[in-house]
Amino acid sequence: MSTNPNTQLLPESQRGPAEKLLDLVLSGSAHLWHNRPGLDVGGTWVAAAHATPAQRAVGKPVKPGLFVPAAVKLYRQLLDIHQLNSELMAHFASYALTQTDWRDLKVATCALMLVQQHAGQPVRGDDGQVAFHDDDYRSIGEAMVLHYERKSTRMLTPKAVLRVAELLELPDIASLNRQAGFGDPASRKPPMGRWKRVASRWLAARESNLSMLQGLMKAGYKETLKKLARKAGYKPLTQGFFEVLGWKQKQAEGGHRTVGLSGLTLVKRERFDGLSEAEICEWIDSERLSYKEVVGRLPKDVGMTPAIMAALLPSLSDRDLRLMTPTLEELGLLAEPTVRARWEKAVQTATDQRALNIAKNVRSEVLRQKLEEASDNAARQAVAEATAETDVRVMFLIDKSGSMDGAIENSKEALARILAGFPMEKLHIAAFDTMGTVLRPKASNRTAVQHMLAGLKASGGTTHAAGVHALHRDGMRVPEGAKLVVIVVGDEAGEAGDQFARAFRDVGFPVAAMALLVSVAGGRGNTVRTCASQLRVPFSEVNVDQFADPYQVPRVLKALLDAPTLPGASQSGWVERVMRTPLLKVA
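The working numbering applies: residue 20 is where the sequence shown begins, and numbers increase by one.
Dropping the structure here:
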């Protein structure tokens with residue numbers, strides 16, 4: 020395979036793993052760790068507080084933390100792809116870290132890369148001499164752990180480094196790794212690959228730069244760092260490591276410890292008992308304390324006040340500000356012009372649609388609308404990233420035929436989450452039954468999309484081509500050099516796929532890729548898949564239920580909108596982008 024990043028494409032024989040990788044991204048949110056009690060409902064995690072009576076009846080209680088069924092499912096999918104095409108998985112691991120904010124996926128891919136079999140081993144010829152060395156893909160796992168960009172969210176946190184080990188230690192995942200030949204099948208210990216070595220190197224880099232270690236302490240990682248050091252068997256070289264962590268040491272039974280046993284000046288977190296609100300604010304300002312450092316040290320008779328929260332604002336990230344909107348509202352801080360300006364800036368930088376859930380917990384209608392705007396901004400950013408390299412036009416065809424009765428409302432909610440992300444001049448929408456109707460939102464936001472879709476009712480027959488012809492009659496044209504991505508929303512039951520394909524040829528629309536947002540009330544057909552096959556363009560599909568996950572919307576948009584770079588290619592453009600991602604290297 021060519022290693023030229025401009026020409027690298029998977030050959031026909033390797034499109035199986037490429038399709039599996041695309042399906043993984045489109046069909047799984049890969050949430051492995053949850054910070055609240057849940058229920059295991061047939062292998063799916065459901066928040067206990069929001070479970071339906073039916074889910075409570077069959078679900079098994081799950082404590083906060085790692086949800087094992089999801090972890091095993093994701094790891095098995097990644098392992099399957101790796102075994103089919105290890106180079107694709109190496110590029111995907113590099114892509115996952117540097118091009119996504121998908122934290123749990125980073126952990127799972129890093130775990131696999133650290134333990135898989137390609138470790139740069141010498142390969143000998145018939146004469147017994149070393150002919151060459153195997154690819155060292157374990158070094159990609161190491162590079163994922165060691166990758167550092169100041170103030171970037173696209174690197175592994177201390178908690179993520181620790182979670183890599185926790186994942187590899189799961190009995191089911193250890194069993195999968197042994198079956199794959201990644202460790203001694205007779206050993207009781209789980210295969211850990213290079214985790215201990217790279218975790219120790221990660222800790223050593225922080226010990227040699229105590230300001231980094233102090234920053235992690237302020238961010239609330241004290242206990243995580245201790246667990247990380249214990250699990251990796253890390254041996255600090257200086258007392259400063261223990262002093263920053265406030266970690267008193269005892270001599271081991273073997274008497275081999277020489278550092279951190281005496282003369283330690285431990286940094287302790289003192290409570291603020293007995294201090295006034297003004298004194299606490301002064302302390303926060305002088306010591307530059309973070310929210311996590313302060314919240315557990317406040318006296319009960321003081322608590323979190325507007326003044327204390329205002330003093331903590333500089334330590335909060337944009338994401339923190341969005342999550343804490345109900346608290347800021349309750350404290351009255353959003354009425355302060357400087358705080359409001361900072362909060363509105365945070366709304367503009369949203370990369371997920373979690374703000375829609377937060378909006379349910381605010382009283383102000385104005386704030387609720389602003390949080391919905393954050394959701395729209397996340398979709399806009401995803402669309403902008405996916406279409407940055409080329410001019411992409413998007414056609415949405417919405418099935419409102421009688422077969423969609425019962426499913427049309429789900430389609431509306433999914434579309435409300437995604438359509439606001441598109442620039443209106445590059446977006447073309449039509450609903451269809453046996454007749455096509457062109458739709459135009461009054462503005463590029465969620466409210467306008469909901470208004471546009473409100474009148475859609477399921478009735479009539481199903482002719483996908485009617486939507487295409489309606490848009491063409493309305494004046495839609497695709498500029499030369501632009502790529503057209505067609506996204507159909509419905510159950511795919513309709514006219515023959517070759518007739519649908521003929522409609523695009525008749526009006527001269529050069530389709531670059533097709534996708535189906537599956538919304539099914541009953542059975543489903545194959546119209547769109549057959550059409551894509553007839554047009555010889557990539558086809559992908561995702562269930563509309565995926566859009567209920569606030570993190571999944573931007574990911575799916577990026578994967579669906581990446582059209583292939585080569586005309587007539589049947590491989591996903593997103594997979595091409597993955598393969599163009601440079602392999603990470605250990606610095």
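From the three backbone atoms N, C-alpha and C, an ideal C-beta is built for every residue, glycine too. Keep in mind that this is a model prediction, so the values were computed, not measured.
Sort out for me which residues DSSP pairs residue i with in a bridge.
{"i": "G259", "result": "Its beta-bridge partners do not exist; DSSP assigns none."}
{"i": "S559", "result": "A534"}
{"i": "K79", "result": "D59"}
{"i": "H53", "result": "G84"}
{"i": "M414", "result": "H447 and V505"}
{"i": "V65", "result": "L58"}
{"i": "D155", "result": "A138"}
With respect to the beta strand (DSSP E) encompassing residue i, which residues constitute its N-terminal and C-terminal limits?
{"i": "D568", "result": "Careful: D568 lies outside any beta strand (DSSP E) and carries neither H nor E."}
{"i": "H447", "result": "L446 to F451"}
{"i": "V508", "result": "K502 to G509"}
{"i": "H152", "result": "V149 to H152"}
{"i": "L458", "result": "G455 to L458"}
Please report how far the alpha carbon of residue i lies from the alpha carbon of residue j, in whole angstroms.
{"i": "L166", "j": "M598", "result": "Here residue 166 turns out to be His, not Leu, going by the sequence shown. Distance between the alpha carbons of H166 and M598: 19 Å."}
{"i": "K604", "j": "T453", "result": "55 Å"}
{"i": "G259", "j": "Q233", "result": "10 Å"}
{"i": "E262", "j": "Y253", "result": "16 Å"}
{"i": "P318", "j": "S295", "result": "9 Å"}
{"i": "A130", "j": "A179", "result": "10 Å"}
{"i": "N23", "j": "E312", "result": "For N23, the predicted model reports a pLDDT of 36, less than 50, meaning its position is unreliable and no value from the coordinates is stated."}
{"i": "S591", "j": "H491", "result": "26 Å"}
{"i": "P190", "j": "P209", "result": "7 Å"}
{"i": "A520", "j": "L43", "result": "27 Å"}
{"i": "T119", "j": "T172", "result": "9 Å"}
{"i": "L331", "j": "G322", "result": "13 Å"}
{"i": "K250", "j": "S463", "result": "50 Å"}
{"i": "P601", "j": "E298", "result": "51 Å"}
{"i": "G274", "j": "M174", "result": "Note on G274: pLDDT 47, under 50, position unreliable in the model; no value is reported."}
{"i": "R157", "j": "P56", "result": "35 Å"}
{"i": "P356", "j": "E363", "result": "10 Å"}
{"i": "H101", "j": "G212", "result": "16 Å"}
{"i": "S32", "j": "T176", "result": "At S32 the pLDDT is 47, less than 50, meaning the model places this residue with poor confidence; the figure from the coordinates comes in the next sentence. Cα to Cα, the separation comes out at about 37 Å."}
{"i": "T257", "j": "M236", "result": "17 Å"}
{"i": "E595", "j": "G35", "result": "14 Å"}
{"i": "Q148", "j": "D581", "result": "46 Å"}
{"i": "H50", "j": "A115", "result": "14 Å"}
{"i": "V13", "j": "M414", "result": "No information on residue 13 is available, as it lies outside the stretch 20 to 606 that the chain covers here."}
{"i": "T584", "j": "R574", "result": "20 Å"}
{"i": "V402", "j": "L390", "result": "19 Å"}
Does the CB of residue i have a neighbour CB from chain B at under 7 Å?
{"i": "K82", "result": "Considering every chain present, this structure includes no chain B. It has just one protein chain."}
What residue from the options has the CA that sits closest to residue i's CA?
{"i": "G542", "options": "A578, V556, E499 and M423", "result": "M423"}
{"i": "T546", "options": "H483, V487 and A567", "result": "H483"}
{"i": "L107", "options": "N196, M132 and V505", "result": "M132"}
{"i": "L350", "options": "A365, V381 and D337", "result": "V381"}
{"i": "R361", "options": "I377, A205 and A329", "result": "A329"}
{"i": "D510", "options": "V561, R465 and G592", "result": "V561"}
{"i": "H447", "options": "A224, L189, A489 and V572", "result": "A489"}
{"i": "Q372", "options": "R521, L536 and R436", "result": "R436"}
{"i": "V81", "options": "P72, G62, P325 and R173", "result": "G62"}
{"i": "L97", "options": "V126, I377 and K267", "result": "V126"}
{"i": "D123", "options": "A582, W52 and S227", "result": "W52"}
{"i": "K445", "options": "V142, S538, R225 and R399", "result": "R399"}
{"i": "S420", "options": "E392, E298 and A450", "result": "A450"}
{"i": "A37", "options": "S105, A73 and L58", "result": "S105"}
{"i": "W504", "options": "R412, G486 and A374", "result": "Inspection of the sequence shows that residue 504 is occupied by Val rather than by Trp. Out of R412, G486 and A374, R412 has the C-alpha closest to the C-alpha of V504."}
{"i": "R182", "options": "L416, M414 and A90", "result": "A90"}
{"i": "L103", "options": "A68, H69, A138 and K39", "result": "K39"}
{"i": "A473", "options": "I417, G500 and V366", "result": "I417"}
{"i": "I327", "options": "R307, R338 and D337", "result": "R307"}
{"i": "S394", "options": "A407, P498, A218 and L342", "result": "L342"}
{"i": "T481", "options": "R459, G513 and Q553", "result": "G513"}
{"i": "E499", "options": "G527, V507 and G486", "result": "G527"}
Need the endpoints of the alpha helix (DSSP H) that residue i sits in, please.
{"i": "K311", "result": "Y310 to V314"}
{"i": "R143", "result": "R143 -> not in any alpha helix (DSSP H); beta strand (DSSP E) instead, spanning P141 to R143."}
{"i": "N380", "result": "Here N380 belongs to no alpha helix (DSSP H), and DSSP marks it neither H nor E."}
{"i": "A354", "result": "Where A354 is concerned, there is no enclosing alpha helix (DSSP H), given that its DSSP letter is neither H nor E."}
{"i": "N429", "result": "I427 to I437"}
{"i": "R521", "result": "G516 to V526"}
{"i": "S113", "result": "S105 to Q118"}
{"i": "D191", "result": "P190 to Q198"}
{"i": "Q553", "result": "T546 to L554"}
{"i": "G592", "result": "G592 to R599"}
So is the beta-carbon of residue i under 6 Å away from any non-hydrogen atom of the ligand PLP?
{"i": "A251", "result": "The ligand PLP is not among the ligands present in this structure, which contains no ligands whatsoever."}
Exercise. Output the residue ranges of the alpha helix (DSSP H) runs that lie fully inside the region 223 to 257 and measure 4 residues or longer, sorted by chain position.
Key: 229 to 237 and 241 to 251
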